[in-house]
Every structure is written in C-alpha cells, then in structure tokens.
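Visitor:
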Amino acid sequence: MNFLQFLGALEIGLIYGLVAIGVYLTFRVIDFPDLTVDG
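Take 22 as the starting number for the sequence shown in the working numbering and just add one per residue.
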C-alpha cells in the first residue's frame, strides 16, 4: 500500500465517520428519525 492509497482510505474513513456521527446525533440528541435510515 503506497502513500496515496493510504490517504484515500483515510479520507473515506473520515467521511464515513462524519456520516455516522451525524446519524447518531440525529437520533439521540435531536430525537428526529432520519428517513434514509428508517427506510
């Protein structure tokens, strides 16, 4: 794995982390179910 592949994986991981935090905050703090998760 070279450096560019590592940076790409890190970037995707951070993006997915932000999405997960956003969904968690939507459910727990705001108490508003997200339609994308509810289906």
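Using N, Cα and C, we set each Cβ at its ideal position, and we do this for glycine too.
Taking the C-alpha atoms as reference points, what is the distance between Ile33 and Thr47?
Guide: The alpha-carbon atoms of Ile33 and Thr47 are separated by roughly 21 Å.
Visitor: Expressed to the nearest angstrom, what Euclidean distance is found between the alpha-carbon atoms of Ala41 and Leu35?
Guide: Near 10 Å, if we compare the C-alpha coordinates of Leu35 and Ala41.
Visitor: Suppose you measure from the CA of Gly23 to the CA of Leu31; what does that come to, to the nearest Å?
Guide: According to the sequence as given, residue 23 is Asn; it is not Gly. One C-alpha to the other measures close to 12 Å.
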